[in-house]
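In our numbering, the protein residues as written are 14 to 453.
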Amino acid sequence: MKKEKLAAIRGMNDLLPAEAPLWEAFEARTIDVLRAYGYQQIRTPLVEHTALFARGIGEVTDIVEKEMYSFVDHLNGEQLTLRPEATASVVRACIEHNLLYDAPRRLWYMGPMFRHERPQRGRYRQFHQVGAEALGFAGPDVDAEQILMLKRLWDVLEIGPVRLELNSLGDAEERAAHRAALVAYFEQHGDELDADARRRLHSNPLRILDTKNPAMQSLVAQAPRMIDYLGEKSRDHFERLQEMLAVAGIEFTINPRLVRGLDYYNLTVYEWVTDRLGAQGTICGGGRYDPLIEMLGGRPAPGCGFAIGVERVIELLREALPEFARPVCDVYVLHQGGATLTVAMRAAERLRDAGLDVILHAGEASLKAQMKRADASGAEYAVIVGETEAAEGRPMVKALRSTQTTAPFVQQRQVALAELGQAVATAIAADGNEEISGKN
Ligand code: HAM
């Protein structure tokens with residue numbers, strides 16, 4: 014009986030080889046930028062105790078209330094959760110390993126996150142983030158530096174226009190005063206609230222400001238604004254940040270309704286938004302979370318960071334895919350089995366010693382069929398080991414794509430095994446140079 018096919022879980026995607034070069038290019042460029050600002054990598058587990066996220070992100074947030082993949086470990090009864098984000102994990106790791114004992118830290122991470130949201134374009138249940146966390150820095154200079162770093166990244170990636178929206182959430186006391194004013198305001202307009210807003214009125218009224226309901230937009234627009242409740246210190250932090258951004262030539266708009274979906278924030282919050290991705294246009298979100306380290310049991314220390322939604326940025330890069338595409342190998346090695354395979358294997362290893370990417374034909378096929386595979390692989394050169402070449406220890410080298418009639422190996426010719434790697438590597442480098450000078 015034919016077995017039923019199994020499919021991936023809804024909202025969790027495979028990354029297929031055709032798209033891998035795009036991800037690899039994105040990752041390499043991003044890591045370069047993070048390193049240029051002194052950030053070091055940290056990797057934390059995908060699974061953590063549920064309590065970490067409940068305490069870190071906040072019990073009354075969408076993430077903790079309804080989006081976490083939580084389960085009981087049947088072997089020991091522990092309550093566990095697939096990480097929905099990594100800030101709480103990074104802070105946990107810093108406390109656990111005492112990473113802040115002598116100096117502040119700039120850290121970055123990259124990897125999958127899990128949220129049980131309704132999947133749509135740009136929103137998945139397993140998605141990827143690149144994030145950065147600066148721990149132990151209190152001033153707005155580090156907020157500004159992270160924003161500058163992101164701007165540099167967008168430029169390096171050439172993803173086109175992205176807007177920066179900025180807000181300040183003040184400190185706990187200021188938020189409490191704003192919250193009281195907000196609750197009073199919404200209570201006055203109780204009949205205009207939708208069910209969601211009514212539910213949130215006393216648990217998390219700030220999130221009402223985030224509503225997507227068109228009927229509530231004008232009510233929300235006139236609600237008391239957090240910025241009007243900022244005390245002197247918070248206002249100073251916010252103003253200094255804005256001055257630094259202005260000096261650096263970074264444009265931004267202040268969005269007094271920007272509240273973010275996680276409870277750990279204070280002072281600076283921001284999002285980078287593009288209009289080219291439809292409803293899920295936020296490609297990066299972040300801000301300051303000074304209370305979090307203490308909330309998770311550490312010695313009080315300030316923190317600030319961001320996370321980029323990788324799938325969304327990749328979507329913006331997709332048009333440029335052909336630029337990132339590259340052949341699977343530089344050289345394809347053909348043989349006729351038996352003793353020729355042994356020589357072909359040695360030839361392939363010599364080519365790899367010279368730094369080349371090599372596919373050695375696997376299995377039995379006619380040389381003609383192998384040549385077709387070689388062509389399709391995108392390789393620049395074929396190295397052919399037939400009976401004669403094997404007996405002489407001199408594989409045949411043939412150019413597959415060189416457009417230079419004077420290039421080496423356009424007329425195929427034999428090369429001794431010991432010189433093979435260098436000869437082909439030199440020819441490939443020369444082709445590359447010809448192409449570059451041909452373009453100029
Ligand atoms: P977040 O706003 O929840 O923040 O997520 C950051 C980014 O991840 C979003 O702007 C979006 O691009 C992407 N993202 C979120 N959910 C999904 C999803 N379901 N599918 C695809 N992409 C998604 C955080 O996670 C904070 N930890 C950021 C942070 C770091 N704040 C301080 N440090």
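Even glycine gets a Cβ: it sits at the ideal position worked out from N, Cα and C.
Q. Counting Cβ pairs, one atom from each stretch, are 3 or more of them under 8 Å apart for the region 113-123 and the region 73-86?
A. By the Cβ rule, the region 113-123 does not count as touching the region 73-86, because fewer than three pairs are nearer than 8 Å.
Q | Range covered by the beta strand (DSSP E) that runs through Ser-83 | A | Residue mapping note: residue 83 aligns to position 70 of the sequence shown, counting from 1. Element bounds for Ser-83: 83-85.
Q | Other residues of its chain near Ala-208: CB distance less than 6 Å, five sequence neighbours each side excluded | A | Position 195 of the sequence shown, counted from the start, is the residue given in the question as residue 208. Hits under 6 Å: none found.
Q) Looking only at its own chain, which residues have a Cβ that is under 6 Å from the Cβ of Ala-210, when we skip the five neighbours before and after it? A) Within the sequence shown, numbered from 1, the residue matching residue 210 stands at position 197. Exclusion of the five residues before and after Ala-210 leaves Ile-221 as the residues of its chain whose Cβ lies within less than 6 Å of its Cβ.
Q. Beta carbon of Ala-320: closer than 7 Å to some heavy atom of the ligand HAM?
A. Start at 1 with the first residue of the sequence shown, and residue 320 comes out as number 307. Result yes, Cβ under 7 Å from the ligand HAM.
Q) Quick one: is Ile-397 buried, meaning 16 or more other Cβ sit within 10 Å of its Cβ, or exposed? A) Along the sequence shown, one-based indexing puts residue 397 at 384. Looking at its Cβ environment, which holds 16 or more other Cβ atoms inside 10 Å, Ile-397 is buried.
Q. For the ligand HAM, any of its heavy atoms closer than 7 Å to the Cβ of Cys-455?
A. Nothing in the structure corresponds to residue 455, since the chain is present only between 14 and 453.
Q) Are Glu-158 and Tyr-50 touching if we call contact CB-CB under 8 Å? A) For the purposes of this step, residue 158 is identified with residue 145 of the sequence shown, where counting begins at 1. For the purposes of this step, residue 50 is identified with residue 37 of the sequence shown, where counting begins at 1. At the C-beta level, Glu-158 and Tyr-50 come within 8 Å of one another.
Q. Helix, strand or coil: how does DSSP classify Ala-259 here?
A. Position 246 of the sequence shown, counting from 1, holds the residue named residue 259. Here DSSP, grouped into helix, strand and coil, assigns Ala-259 to helix.
Q. Taking the alpha-carbon positions, what's the Glu-362 to Thr-355 distance?
A. Taking the first residue of the sequence shown as position 1, residue 362 is located at position 349. Taking the first residue of the sequence shown as position 1, residue 355 is located at position 342. Going from the Cα of Glu-362 to the Cα of Thr-355 covers about 11 Å.
Q | Nearest residue (CA-CA) to Val-169, options Ile-22, Leu-364 and Ile-44 | A | As a position in the sequence shown, residue 169 is number 156, starting the count at 1. Per the Cα distances, Ile-44.
Q: Over the uninterrupted beta strand (DSSP E) stretch that includes Gln-92, give me the two end residues.
A: Taking the sequence shown and counting its residues from 1, one reaches residue 92 at position 79. According to the DSSP assignment, Gln-92 belongs to the beta strand (DSSP E) that extends over 92-95.
(Q) Suppose you measure from the CA of Val-341 to the CA of Pro-30; what does that come to, to the nearest Å? (A) Indexing the sequence shown from 1 puts residue 341 at position 328. Indexing the sequence shown from 1 puts residue 30 at position 17. One C-alpha to the other measures close to 10 Å.
**Q.** Per-residue burial, Lys-452 [other beta carbons within 10 Å of its own, 16 or more giving buried]
**A.** Translated into the one-based positions of the sequence shown, residue 452 becomes position 439. Unreliable positioning characterises Lys-452 in this predicted model, as indicated by a pLDDT of 46, which lies under 50. A coordinate reading is not provided.
Q) What number of angstroms, rounded off, separates the C-alpha of Ser-390 from the C-alpha of Tyr-345? A) Counting from 1 along the sequence shown, the entry for residue 390 is found at position 377. Counting from 1 along the sequence shown, the entry for residue 345 is found at position 332. As the crow flies, the alpha-carbon of Ser-390 is around 8 Å from that of Tyr-345.
Q. Hey, Arg-134 and Gln-235 are a contact pair by Cβ (cut 8 Å); roughly how many whole angstroms apart?
A. Taking the sequence shown and counting its residues from 1, the one referred to as residue 134 is at position 121. Taking the sequence shown and counting its residues from 1, the one referred to as residue 235 is at position 222. Not really, about 32 Å apart at Cβ, beyond 8 Å.
Q: Go through its chain and collect everything with a Cβ distance to Leu-28's Cβ below 7 Å, but skip five positions before and after it.
A: Along the sequence shown, one-based indexing puts residue 28 at 15. Excluding positions up to five away in sequence, the list reads Trp-36.
(Q) Closer than 7 Å to a non-hydrogen atom of the ligand HAM - does that hold for the CB of Phe-39? (A) Working through the sequence shown from its first residue, we reach residue 39 at position 26. The answer is no for Phe-39.
Q: Please state whether DSSP places Glu-98 in a helix, a strand or coil.
A: Reading the sequence shown from its first residue, position 85 is the one you call residue 98. In the structure shown, Glu-98 sits in coil (DSSP, three-state: anything other than H, G, I, E or B).
Q: Between the Cα of Arg-365 and those of Arg-312, Leu-430 and Ala-228, spot the shortest distance and give me the residue it belongs to.
A: Here residue 365 corresponds to residue number 352 of the sequence shown, with the count starting at 1. Closest by alpha carbon: Leu-430.
**Q.** Residues sharing a beta bridge with Trp-285, DSSP
**A.** As a first step, residue 285 is located in the sequence shown; it is residue number 272 there, counting from the start. Trp-285 is bridged to Leu-177 and Cys-297.
Q. Within the chosen definition, does the region 285-304 reach the region 322-330 through at least 3 CB pairs nearer than 8 Å?
A. The region 285-304, when compared against the region 322-330, does touch it at the 8 Å Cβ threshold.
Q: Return yes when at least one heavy atom of the ligand HAM lies under 7 Å from the C-beta of Gln-142, else no.
A: Stepping through the sequence shown from its first residue, residue 142 is reached at position 129. Yes, Cβ of Gln-142 sits closer than 7 Å to a heavy atom of the ligand HAM.
Q. Can we count Thr-100 as close to the ligand HAM, meaning its CB is less than 7 Å from some heavy atom?
A. For the purposes of this step, residue 100 is taken as the residue at position 87 of the sequence shown. For Thr-100, the CB falls within less than 7 Å of some heavy atom of the ligand HAM.
(Q) I'd like to confirm the pairing. Which residues does DSSP put opposite Trp-167 in its beta bridges? (A) Position 154 of the sequence shown holds residue 167. For Trp-167, which the question treats as bridged, DSSP gives no partner whatsoever.
Q: Would you decide whether Ala-442 is buried or exposed? Buried here means 16 or more other CB atoms lie within 10 Å of its CB.
A: The residue you call residue 442 lines up with position 429 of the sequence shown. When all chains shown are included, Ala-442 counts as exposed.
Q: Count the other C-beta atoms from every protein chain shown that fall within 10 angstroms of the C-beta of Leu-19, then say buried if there are 16 or more, exposed otherwise.
A: Here the question's residue 19 lines up with position 6 in the sequence shown. Leu-19 should be labelled exposed.
**Q.** Contact test: Arg-136 Cβ vs the ligand HAM heavy atom, cutoff 7 Å
**A.** By 1-based counting over the sequence shown, the position of residue 136 is 123. For the ligand HAM, at least one heavy atom lies less than 7 Å from the Cβ of Arg-136.
Q.
DSSP has Thr-266 in a bridge; who is on the other side?
A. Counting from 1 along the sequence shown, the entry for residue 266 is found at position 253. As DSSP reads the structure, Thr-266 sits in a beta bridge with Glu-178.
Q.
Checking 8 Å against the spacing of the C-beta atoms, do Pro-269 and Met-239 come in under that value?
A. If you number the sequence shown from 1, residue 269 lands on position 256. If you number the sequence shown from 1, residue 239 lands on position 226. Cβ atoms of Pro-269 and Met-239: closer than 8 Å.
Q: Check whether the Cβ of Glu-78 lies closer than 7 Å to any heavy atom of the ligand HAM, and answer yes or no.
A: Within the sequence shown, numbered from 1, the residue matching residue 78 stands at position 65. Flag unset: Cβ of Glu-78 not near the ligand HAM.
Q) How long is the line joining the alpha carbons of Met-123 and Asp-75, rounded to whole angstroms? A) Taking the first residue of the sequence shown as position 1, residue 123 is located at position 110. Taking the first residue of the sequence shown as position 1, residue 75 is located at position 62. Each residue's Cα considered, the two are about 23 Å apart.
Q) For Tyr-52, which residues of its own chain have a beta-carbon under 7 Å away from its beta-carbon, when the five flanking residues on both sides are left out? A) Residue mapping note: residue 52 aligns to position 39 of the sequence shown, counting from 1. Arg-119, Leu-120, Trp-121 and Ala-145, listed in sequence order.
Q: Run the proximity test for Gly-61: is its beta-carbon closer than 7 Å to any non-hydrogen atom belonging to the ligand HAM?
A: Reading the sequence shown from its first residue, position 48 is the one you call residue 61. What sits at residue 61 in the sequence shown is Glu, not Gly. When distances are taken from the beta-carbon of Glu-61 to the heavy atoms of the ligand HAM, even the shortest one reaches 7 Å or more.
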